[in-house]
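To start, the structure under review is shown below, and the notes come after it.
Residue numbers (my numbering): -7 to 323.
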């Protein structure tokens, strides 16, 4: 909830401000649904201004990660605003490395994700390790009875649409107030939307003129279900994410790949995809390598055209590494 997120955010800020290097903090809890980086109120971002003193950057951030562990029921990912945005564009998460696990069953996905997390915990350089938060939340479920609905001459679509409009409402027009326009929504009164017994008494009009209570067409039960079902390319997924400290990303990701391949057995229809900054780095390295090869070939062709000698052009090209060494030394 917003209140609980705010309370834990205050605890986190108190922990951060207890460090002499930190000058100030500013927190945003949740983001509006039309925001480019929309998120629910169970997520918060804390911008921190700091000035290093006796400790270096790595030692300072490592200390923060240890201190923030005392905030109950939370996961922290430490980075920079721009890098978080780039990570989100690259992999859909606010972390440098995202291990995306795909499969049809949520419980199996959670079990495999926990196993992957245990494997990644042992890898040097992995920090801010966490699984995409998932939990069961209370749900009011209306389970339609196909036979009972057909007996009244109704269709599943008609009854489900009536329930949807009654519970969630439907925009039927607009009200103009000076220069403002407000949507006019029609839905059931609150007492009919929160009490299962009252919901069951809602009357459904059948084509034959009968008025049938919803309880005769569906089972209305209070149950629990997942708070979120994430999908990508029409596949259910769960993400195990982390950042990297004290080590380069590519080497860390290569070790994550090999460890997971060795230690985790995936059932049929379950597989992992790796995403994050290392993808962009690898793509950039390939592009730079390709363009460098083209440039070297072009220079060689120009030298050959200038001297009409393959031997002289090759001798001059051999001097390029020596010139590079001098340029690096000069820098």
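We put the CB at the ideal spot given by N, CA and C, even for glycine.
Looking at chain B, is there any beta carbon in it that lies within less than 9 Å of the beta carbon of residue 306?
Given the protein chain composition of this structure (a single chain), no chain B is represented.
Alpha carbon to alpha carbon, how far is residue 275 from residue 331? Give it in angstroms, no decimals.
With the chain running from -7 to 323 in the structure shown, residue 331 is simply not present.
Identify which residue in 206, 187 and 190 has its Cα closest to the Cα of residue 196.
For the set 206, 187 and 190, the Cα lying nearest the Cα of residue 196 is the one of 206.
In terms of alpha-carbon separation, which member of 170, 194 and 76 lies closest to residue 179?
Among 170, 194 and 76, the Cα nearest to that of residue 179 belongs to 194.
Endpoints, beta strand (DSSP E) assigned at residue 172:
172 to 178
With DSSP run on the structure shown, which of helix, strand or coil describes residue 42?
strand
Can you confirm whether the segment 86 to 106 touches the segment 273 to 287 when touching is taken to mean that 3 or more C-beta pairs between the two stretches lie within less than 8 Å?
no
Proximity below 9 Å, CB of residue 7 to CB of residue 93
no
Give me the Cβ distance between residue 234 and residue 118, rounded to the nearest whole Å; I'm assuming they're in contact under 8 Å.
5 Å
In the DSSP assignment, what are the bridge partners of residue 162?
178
With distances taken between CB atoms, is the gap from residue 82 to residue 268 smaller than 9 Å?
yes
Could you round the C-beta distance between residue 236 and residue 142 to whole angstroms and report it? I think they count as a contact, below 8 Å.
Actually they do not touch by this definition, with Cβ atoms about 58 Å apart.
Evaluate residue 148 with the Cβ neighbour count: other Cβ atoms within 10 Å of its Cβ, from every protein chain shown; 16 or more gives buried, anything less gives exposed.
That one is exposed.
Closest to residue 188 by CA distance: which of 169, 201 and 155 is it?
155
Just verifying my parser: in three-state terms, what is the DSSP assignment at residue 86?
coil
Decide if residue 53 is buried, meaning its Cβ has at least 16 other Cβ atoms within 10 Å, or exposed.
With 16 or more other Cβ atoms within 10 Å, it is buried.
For residue 307, count neighbouring C-beta atoms within 10 Å of its own C-beta (all shown protein chains included) and say buried if the count is 16 or more, exposed if not.
exposed
Please look up how many angstroms separate the CB atoms of residue 122 and residue 219, rounded, as I've assumed it's under 8 Å.
Their Cβ separation, rounded to whole angstroms, is 16 Å, which puts residue 122 and residue 219 out of contact at 8 Å.
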